Amino acid sequence: MKNPLTVIVAILVALILLTYMVCFTVRYDQVAVVTTFNQAKEPLRDVETGEIARDAAGNIVDPGSVIYEPGFNLRWPWPISNVQTYSKKIQLIEDVKQEVKTSDGHAVIVQMYLAWEIDDPYAFFRSMNNISKATDQLKALMSSFQGIISNYRFDQLVNLDEGNIQLRKIEEKCADDLRAQLAGIKPSYGIKVDKVGIRRLVLPEDITAKVFERMRTTRERLAQTARAEGTATAETIKKEAESIQQQILAFAKRRASSIRDEGDREAASYYNEFAKDTEFAKFLRRMQALKEMLPNNTQFILSADDVGLNELKDQPILPQKPIASNE
Numbered sequence: 001m002k003n004p005l006t007v008i009v010a011i012l013v014a015l016i017l018l019t020y021m022v023c024f025t026v027r028y029d030q031v032a033v034v035t036t037f038n039q040a041k042e043p044l045r046d047v048e049t050g051e052i053a054r055d056a057a058g059n060i061v062d063p064g065s066v067i068y069e070p071g072f073n074l075r076w077p078w079p080i081s082n083v084q085t086y087s088k089k090i091q092l093i094e095d096v097k098q099e100v101k102t103s104d105g106h107a108v109i110v111q112m113y114l115a116w117e118i119d120d121p122y123a124f125f126r127s128m129n130n131i132s133k134a135t136d137q138l139k140a141l142m143s144s145f146q147g148i149i150s151n152y153r154f155d156q157l158v159n160l161d162e163g164n165i166q167l168r169k170i171e172e173k174c175a176d177d178l179r180a181q182l183a184g185i186k187p188s189y190g191i192k193v194d195k196v197g198i199r200r201l202v203l204p205e206d207i208t209a210k211v212f213e214r215m216r217t218t219r220e221r222l223a224q225t226a227r228a229e230g231t232a233t234a235e236t237i238k239k240e241a242e243s244i245q246q247q248i249l250a251f252a253k254r255r256a257s258s259i260r261d262e263g264d265r266e267a268a269s270y271y272n273e274f275a276k277d278t279e280f281a282k283f284l285r286r287m288q289a290l291k292e293m294l295p296n297n298t299q300f301i302l303s304a305d306d307v308g309l310n311e312l313k314d315q316p317i318l319p320q321k322p323i324a325s326n327e
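In terms of the UniProt record's numbering, the sequence shown opens at residue 1 and continues consecutively.
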């Protein structure tokens, strides 16, 4: 009689193997195509558009052999049935370098990239079957970008003025061209183009020198323009300042003339008074001279005979008041 434990273990192993053979899991970031004898059933499509048919709620009417929803699923064991899974993530093709000549004859190396995703898993399974093959096919189709880029001038690719750069327009045209190529391929690749972009521009050495020289010339021209504008502005300011200066001087002259005339009129009235007493006028004149000679309490040691001091010399000495004494 066989050991019951051995039988139980054998049954569990057989169940695990059977489960592995007939069950599979689709992750949230995957879709799967289940084949039977290497054949897959196509999802139901809209007759007019050719797109996968959906109901009013947006659900797929008949997915065929395609598993769109994540979860646990059953299949026939291998080799009757097989499962091919594809990622829902956006795929990126980088480092696609193309050497092209611009419309004005300049050589330039353009490094481009392509972002794409699987839009129709069944069509992708029938035409490409794997990501590697799809990448090779897309790179071959991207060679048409050379013709698009060659329609633009060099200064539309590289320019100090961002308004003249047409890189975004070139990217959009390349994406539209690639979509048109994919739409014309039958049967469809089941690929959706998300974005075509230019990562960088690489210039040959001889072109690099010419670009630097052109940039230097452009900067010098901009500097000359700025200097000319600055000179013109300075000249305008100078002329305005000179005009204001002339206006101020003219006003000051008119004001000074008015004050001088007023002073002359006032002085004339004093001249009449001085004419009546010439000695008094001379005395006032000498006092004014002394005031001007000794401003701000300035001290000078002068002789009483000096000009202007004889008035002080000739004055009578006032008697001193006697000082009272206690004796």
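The beta carbon of each residue, even a glycine, is placed where N, CA and C say it ideally should be. No experiment lies behind these values; they were computed from the predicted model shown.
Inclusion of isoleucine 170 and isoleucine 198 in the CB contact set at 8 Å is warranted, their separation being smaller than that value.
When only Cα atoms are considered, leucine 74 and glycine 163 end up about 58 Å apart. In terms of CA proximity to asparagine 82, Phe37 leads the group Lys195, Val47 and Phe37. If you look at glycine 197, you'll find it in the beta strand (DSSP E) that goes 191 to 202. One thing to note: isoleucine 191 has its Cβ within 8 Å of the Cβ of phenylalanine 124. Per the coordinates, the alpha-carbon of glutamate 266 lies some 36 Å from the alpha-carbon of glutamate 242.
In this structure the region 140 to 153 touches the region 99 to 115; the number of beta carbon pairs closer than 8 Å is three or more.
Residue state for aspartate 95 is assigned as strand, using DSSP reduced to three classes. The shortest CA-to-CA distance from valine 34 to any of Thr278, Tyr86 and Leu201 is the one to Tyr86. In its chain, beyond the 5 residues on either side, Met21 and Val22 have a beta carbon closer than 6 Å to the beta carbon of proline 77.
The criterion of a C-beta distance shorter than 8 Å is satisfied by tyrosine 122 and valine 66.
With 16 or more neighbouring CB atoms inside 10 Å of its own CB, alanine 32 falls in the buried class.
Here glycine 71 carries a strand assignment [DSSP, helix/strand/coil].
Between the region 178 to 191 and the region 107 to 119 there are three or more C-beta pairs closer than 8 Å, enough to call the two in contact. If you draw a 10 Å sphere on the C-beta of alanine 134, you find 16 or more other C-beta atoms in it, and that means buried.
Exposed is the label assigned to phenylalanine 251, since fewer than 16 other Cβ atoms lie within 10 Å of its Cβ.
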